[in-house]
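Residue numbers (the numbering used here), protein chains in the order written: chain Z, -6 to 329; chain X, 4 to 325. Note that the Cβ used here is the ideal one computed from N, Cα and C, for glycine as well. Being a predicted model, the structure only gives us computed values, none of them experimental.
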Amino acid sequence: MTKAMKTASPIVIVGLVFLALATLSLGTGSMNIDPSALFSALLGTGDSGTSLIVWSIRLPRLVLAALAGASLALAGAILQGITRNGLADPGILGLTAGAGLAVTGLIWLQSNGIAVEPHWRPAVAFAGAAFAAFITAIAARRDGVIAPVRLLLAGIGMNALIGAATLVIAMGLDQQLYSAAAVWLSGSLSGAGWSASATLAPWLAILALALAAQTRQLDLLSLGDETAAGRGLAVDTCRLRVAAIAVGLAGAGVAFSGGIGFVGLVAPHMARLMVGPKHVVALPLAALCGAAITVAADLIGRTAFAPVELPAGIVASALGAPWFIWLMWNGKDQKG
Amino acid sequence: MSLVLVTMIGICALSLVQGAGSADATTLLEVLNGFDPQKTDHLILRDLRMPRALAALMIGAALGVAGALMQGVTRNPLASPTLMGLNAGAGLGLACVLVVAPGAPFVALIASAFLGAGIGVGLSLGLGLAAGGASAPLRLALAGAAVSALLGAIGSGVVIVGEIAQDVLFFTAGGVQGVGWDELGLAAPWIVIGLLIALLASPAVSLLSLGEDVAASLGARVILTRTVAAVATLLLAGAAVAIAGQVGFIGLAAPHLARFTVGQDYRRIIPVAGLIGATLLVAADLAARTLNPPHETPVSLLTALIGAPVLIWIARRSARVL
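So this is what it looks like as structure tokens:
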């Protein structure tokens, strides 16, 4: 097998898995649609009832799941690279919680009559994630160095603090909004419309492009600070730049999907297992894995206990946490 | 130590007299000397404030002592009920019982919370210690975080599928509001037994905290001590979480504050951690009631405000150990 094929075939395989999951997800639900009816609905030639379900309910939800999953996976991949710790993840480092707090605050504002246009949500979530990241980094910094270990611990502390603050705001909401906020916080894609994806997609596109220009720097950073500096990299500014991208991606991912846990942890590991650590191939594959995992989690969540819906985030945590434990158990958390 | 004791008594007295329809010290003395069921303020004191203050005292002490035991036995500054999956486990146990048997008596709820807490702590400790040995505090914390996430996710799933969100809200928010004499009566014996075991075991824990080899060479029975400490921890933390819900970080912060005041000897750390834990929780509960009346501020927020900085402080300070 040539080198090009070695990197291309995992992408093709994961792509096919993603397409299969997507088809399954579009076809399954309170009304099952068989593949042929599904394709004619997608092409606009099916009957109007099926087309309505596919185009205005299932497809927007699928697209949002894929976009959110890809954002979180990319954020996780960056964080694992720059902290050189395989257990880093937007959830563990408090970014998800920070974005969640900000968006809960937004919901609270709305319930008090101060309406904020929904397309500002990613920006607000970004601000929340950035704030949490900043505080976590400050807390972990000592003698001018941010050790990965301290970063993880500080993240656990931040999570607890922000989680408690979020709970306080959420409890100030009326009953209906509280339920909505609670479901949203546990990572739900329920009721997603096209507008969410339309808002999220440009953010993801811009940040992904910015990230694409940084893959070589990420490779160097994951070799360690001394090596990277020895190769002529301005380590601190570079790390700050990619960290900002990671915060943006995590914020965007959380803004409409709540905190879908462990996607940002698991997807980069899957990608590295398949194509190795080079970011130029590992990043797109991680994004694809993240999209596939989130679509699968959402599919399981809405069909396993139908008609009751489980938020995708709960399914993802239930599946991702054992993976995390397995990584720890095998001591694969220290790479490089 | 006496300073801690005085602070505790002061805050308790304040907690009894403060609140909606404030009572003063004379009323308190009247209730203690001759209770008059005709007087409203007497009733408030006896049936609302007293069990609540007592519950906060006992639960705070239980959590503080449980944290001290865990830290002493594992020699890990991060070992504590909150970080070890206890809350998530208890929540899961509670949710399961509420779904399977909606009208289950309070005893069954306590038992299920116990069981869940035991599973959570057992899993976290097992994974954390087996994967890295006692010298890796970070692993223990991460194992706890992962186990919490797992059990928490399953618990949320059970809550959503079983549609019992309202019933478990008291647990999610945490706190000792609404604890009466009946609930207290059920939990108190376990806590008292746990505290007694902890005090009796404290010399052995103190030896164990020097390291397994040193302890063994000084004649300590390592396995016996570990088992006894584990039983006591479970009794204390399980009973606490069963009636007070997710009150986080007392078990992490109290032992560190105790170590700060009395040094490294667990014969002194364990009782002082109990006193400090009790003081912290009574103070947090008092703040929860009086900050924003008539609403209750969740106690879990206030304890997280105390606990998270402690955690970050440990992270910064013990970087070399990690």
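In terms of DSSP beta bridges, what is residue i paired with?
| i | result |
| --- | --- |
| asparagine 139 of chain Z | The question names asparagine, yet the displayed sequence has isoleucine at residue 139 of chain Z. Isoleucine 139 of chain Z pairs with Z/Arg134. |
Where does residue i sit, in a helix, a strand or coil, going by DSSP?
| i | result |
| --- | --- |
| phenylalanine 298 of chain Z | coil |
| isoleucine 307 of chain Z | helix |
| phenylalanine 109 of chain X | helix |
| glutamine 207 of chain Z | coil |
| arginine 234 of chain Z | helix |
| aspartate 185 of chain X | helix |
| phenylalanine 119 of chain Z | helix |
| arginine 52 of chain X | helix |
| alanine 227 of chain Z | coil |
| isoleucine 226 of chain X | helix |
| glutamate 110 of chain Z | coil |
| glutamate 219 of chain Z | helix |
| glycine 186 of chain Z | coil |
| phenylalanine 255 of chain Z | coil |
| glutamate 166 of chain X | coil |
| alanine 153 of chain Z | helix |
| glutamate 215 of chain X | helix |
| isoleucine 26 of chain Z | coil |
| phenylalanine 249 of chain Z | helix |
| lysine 271 of chain Z | coil |
| leucine 263 of chain X | As written in the sequence, residue 263 of chain X is phenylalanine, which differs from the leucine given in the question. Three-state DSSP puts phenylalanine 263 of chain X in a helix. |
| leucine 320 of chain Z | helix |
| phenylalanine 252 of chain X | coil |
| proline 261 of chain Z | helix |
| leucine 14 of chain Z | helix |
| leucine 86 of chain Z | coil |
| alanine 82 of chain X | coil |
| threonine 21 of chain Z | coil |
Apart from the five residues on each side of it in sequence, which residues of its chain come closer than 8 Å, Cβ to Cβ, to residue i?
| i | result |
| --- | --- |
| leucine 57 of chain Z | Leu182, Ala185, Ala189, Ser190, Leu193, Phe249, Ser250 |
| valine 47 of chain Z | Leu19, Ile26, Leu31, Ala34, Leu35, Gly39 |
| aspartate 218 of chain Z | Val228 |
State buried or exposed for residue i, treating a residue as buried only when at least 16 other CB atoms are found within 10 Å of its CB.
| i | result |
| --- | --- |
| isoleucine 107 of chain Z | exposed |
| glutamine 73 of chain Z | buried |
| proline 274 of chain X | buried |
| glycine 266 of chain X | exposed |
| phenylalanine 317 of chain Z | buried |
| methionine 24 of chain Z | exposed |
| arginine 320 of chain X | exposed |
| methionine -2 of chain Z | exposed |
| phenylalanine 370 of chain Z | There is simply no residue 370 of chain Z to check, as chain Z begins at -6 and stops at 329 in what is shown. |
| leucine 200 of chain Z | buried |
| glutamine 169 of chain Z | exposed |
| tryptophan 113 of chain Z | exposed |
| glutamate 302 of chain Z | buried |
| leucine 312 of chain Z | buried |
Only counting the same chain, and skipping five residues up and downstream in sequence, which positions put a Cβ closer than 7 Å to that of residue i?
| i | result |
| --- | --- |
| arginine 262 of chain X | Ile272 |
| isoleucine 286 of chain Z | Gly62, Val256, Val259, Ala260, Ala309 |
| tryptophan 101 of chain Z | Ile162, Gly165, Leu166 |
| threonine 43 of chain Z | Ile26, Ala30, Ala34 |
| methionine 267 of chain Z | Pro3, Leu278 |
| leucine 202 of chain X | Ile273, Pro274 |
| tryptophan 184 of chain X | Pro54 |
| alanine 92 of chain Z | Ala118, Gly121, Ala122, Ala243, Gly244, Val247, Ala248 |
| valine 10 of chain Z | Ala285 |
| valine 196 of chain X | Just to set this straight, residue 196 of chain X is isoleucine in the shown sequence, not valine. The answer, listed in chain order, is Leu238. |
Give me, in chain order, the residues of the same chain whose beta-carbon lies closer than 6 Å to that of residue i; leave out the 5 immediate sequence neighbours on both sides.
| i | result |
| --- | --- |
| proline 206 of chain X | Arg270 |
| alanine 289 of chain Z | Leu14 |
| alanine 59 of chain X | Val179, Leu284, Val285, Asp288 |
| serine 127 of chain X | Met87, Gly88, Ala146, Gly147, Val150 |
| alanine 107 of chain X | Val100 |
| glycine 241 of chain X | Phe117, Ala120 |
| threonine 330 of chain Z | Coverage of chain Z is limited to positions -6 through 329, which leaves residue 330 of chain Z absent and any answer about it impossible. |
Notebook entry, point to check: Going along the chain, which residues of the region 238 to 262 of chain X sit with their C-beta nearer than 9 Å to a C-beta in chain Z?
Noted result: Gly251, Phe252
Check: Mind listing which residues of the region 126 to 137 of chain Z have their C-beta closer than 8 Å to chain X's C-betas, in chain order?
Finding: Ala132, Ala133, Arg135
Check: What residues in the region 269 to 290 of chain Z bring their beta carbon closer than 9 Å to a beta carbon of chain X?
Finding: So nothing in the stretch comes that close.
Check: Got a sec: which bits of the region 293 to 317 of chain Z sit with their beta carbon under 7 Å from any beta carbon on chain X, in order along the chain?
Finding: Phe298, Val301, Leu303, Ile307, Ser310, Ala311, Ala314, Pro315, Phe317
Check: Given a limit of 9 Å on CB to CB distance, which residues of the region 79 to 94 of chain Z reach chain X?
Finding: Leu80, Gly84, Ile85
Notebook entry, point to check: Can you list, in chain order, the residues of the region 279 to 301 of chain X whose Cβ is nearer than 8 Å to any Cβ on chain Z?
Noted result: Thr300, Pro301
Check: What residues from the region 241 to 259 of chain Z come within 9 Å of chain X, judged by C-beta to C-beta, listed N to C?
Finding: Gly254, Phe255
Checklist line | Cβ-based contacts, 9 Å cut-off: residues of the region 46 to 64 of chain Z near chain X | finding: none
Notebook entry, point to check: For the region 83 to 97 of chain X, which residues have a CB atom closer than 9 Å to at least one CB atom of chain Z, in sequence order?
Noted result: Thr85, Leu86
Note to self: So if I threshold CB-CB distances at 8 Å, which residues from the region 112 to 125 of chain X count as touching chain Z?
What the structure shows: none
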